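*Asks:* For what it's worth, this note's numbering labels the leading residue of the sequence shown as 477, then goes sequentially.
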Amino acid sequence: MDLFGIPADYERIFEITEKKRALFAPSDNAVQQAIGRAIVMGDAAHSFGASYKGKPIGSVADFTNFSFHAVKNLTTAEGGAAIWRDIEGIDNEELYHRYMLLSLHGQSKDALAKTKLGTWEYDIAGLWYKCNMTDIHAAVGLAQIKRYDDILARRRKIIEYLDSAFANLPVETVKHYTDGYLSSGHLYIMRLKGKNSQERDNFISKMAELGVATNVHYKPLPLHSGYKKLGFNIADYPNAYEQFSNEVTLPLHTRLTDDDVDYVIKCVRKCL
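Put into structure tokens, the structure is as follows:
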């Protein structure tokens, strides 16, 4: 999982899967058999436009899943994309067709294919899902792609400015840009050193009084009522709670002006 726009340590993940290759017993799934080890599937909902060791996210894991939800850096209002690396012995067109069947009620042809003269006939190959992207959503995404380099550059400028401003404050920020990876800059995460969850919430309230909306990413699942009913206990997940208890997410988007960013910095200093 690529969190906040920052790529996972894929080199380490591949080392583990290769080391355990001999223990892997693939099913009759042709893709699993062709790869011959556990598939590395990247959750890149946050990291469209990021790179890992010089390679763009999408070309690193075996399969990569992007989200284009309304709050993502690049949006189609709703939707996403699944992409994969070339796999020896697997036909890309056949794999694409399998994805299409799963996302369109198992229909063997999409709407465009059925408009061609004399080609109305189609089959429903299975009882699957309805999660295909509409043409309107795709058009929004294509327009976003044209300006995405500028979006990434602006987000990076804001992140680096915030990092510099907070360097001597009692906070810990997540590193978005290193020699090993470049983040997409999806979320600006800040941890309040030495603070507990109540003190963190007080900080959030003070920021709100000053007109700055903040957030928390993310509340651990065992703290939600639905998971408590299933028997999950946050005491069993101390690391998750520790990461959550003093975390604050600051505003980060391309509509922020330099003056807006300066105001956020001023408010953080005042509320700490």
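Glycine included, C-beta positions come from ideal geometry on N, C-alpha and C. Keep in mind the model is a prediction, meaning the values are calculated, not measured.
Once DSSP output is grouped into helix, strand and coil, what is the label at P698?
*Replies:* Counting from 1 along the sequence shown, the entry for residue 698 is found at position 222. Helix, per DSSP.
*Asks:* List in chain order: all unbroken alpha helix (DSSP H) runs of 4+ residues lying wholly within the region 558–641.
*Replies:* Counting only runs of 4 or more, we get 568–579, 587–590, 611–622 and 624–641.
*Asks:* Indicate whether at least one CB of chain D lies closer than 9 angstroms to the CB of G617.
*Replies:* The structure shown contains no chain D, having only a single protein chain.
*Asks:* Taking just the CA atoms, how far does D504 sit from G481?
*Replies:* Indexing the sequence shown from 1 puts residue 481 at position 5. Indexing the sequence shown from 1 puts residue 504 at position 28. The straight-line gap from Cα to Cα measures roughly 35 angstroms.
*Asks:* Can at least three beta-carbon pairs, one atom from the region 627–643 and one from the region 510–517, be found at a separation below 8 angstroms?
*Replies:* These segments do not touch.
*Asks:* Is there contact between the region 537–554 and the region 620–631, where contact requires at least three CB pairs shorter than 8 angstroms?
*Replies:* yes
*Asks:* Is the distance from the Cβ of L732 to the Cβ of I634 below 9 angstroms?
*Replies:* Translated into the one-based positions of the sequence shown, residue 732 becomes position 256. Translated into the one-based positions of the sequence shown, residue 634 becomes position 158. Cβ atoms of L732 and I634: closer than 9 angstroms.
*Asks:* Give a yes or no on whether the C-beta atoms belonging to W560 and L578 are separated by under 9 angstroms.
*Replies:* Residue 560 sits at position 84 when you count from the first residue of the sequence shown. Residue 578 sits at position 102 when you count from the first residue of the sequence shown. No, the Cβ-Cβ distance between W560 and L578 is not below 9 angstroms.
*Asks:* Using beta-carbon positions only, say whether T730 and R630 come within less than 9 angstroms of one another.
*Replies:* Counting from one through the sequence shown, the residue named residue 730 turns up at place 254. Counting from one through the sequence shown, the residue named residue 630 turns up at place 154. Yes.
*Asks:* Short check: CB of N541 to CB of A557, under 9 angstroms?
*Replies:* Taking the sequence shown and counting its residues from 1, one reaches residue 541 at position 65. Taking the sequence shown and counting its residues from 1, one reaches residue 557 at position 81. For N541 and A557, yes; Cβs fall inside 9 angstroms.
*Asks:* In chain order, which continuous runs of the alpha helix (DSSP H) of length 4 or greater are located wholly inside the region 522–547?
*Replies:* If only complete runs of 4 or more residues are kept, the region 522–547 shows no alpha helix (DSSP H) anywhere.
*Asks:* Below 6 angstroms CB to CB, which residues in the same chain sit around N691 once its five sequence neighbours on both sides are set aside?
*Replies:* Reading the sequence shown from its first residue, position 215 is the one you call residue 691. So the qualifying residues of the chain are T725.
*Asks:* If you drop the 5 nearest sequence neighbours on each side, which residues of the same chain put their C-beta closer than 8 angstroms to that of N709?
*Replies:* Taking the first residue of the sequence shown as 1, we reach residue 709 at position 233. Excluding sequence neighbours, N709 sits near P698.
*Asks:* Restricting to Cα atoms, I'd like to know which of R497, L748 and S527 is closest to I680.
*Replies:* Residue 680 sits at position 204 when you count from the first residue of the sequence shown. The candidate whose alpha carbon is nearest that of I680 is L748.
*Asks:* Below 8 angstroms, can you find three or more Cβ-Cβ pairs linking the region 480–500 to the region 526–540?
*Replies:* yes
*Asks:* Near G582, which residues of its chain fall below 6 angstroms by C-beta distance, leaving aside the five closest residues on each side in sequence?
*Replies:* Within the sequence shown, the letter at position 106 stands for residue 582. For G582, same chain residues with a beta-carbon under 6 angstroms away, outside a window of 5 residues either side, are I600, A601, G602 and W604 in chain order.
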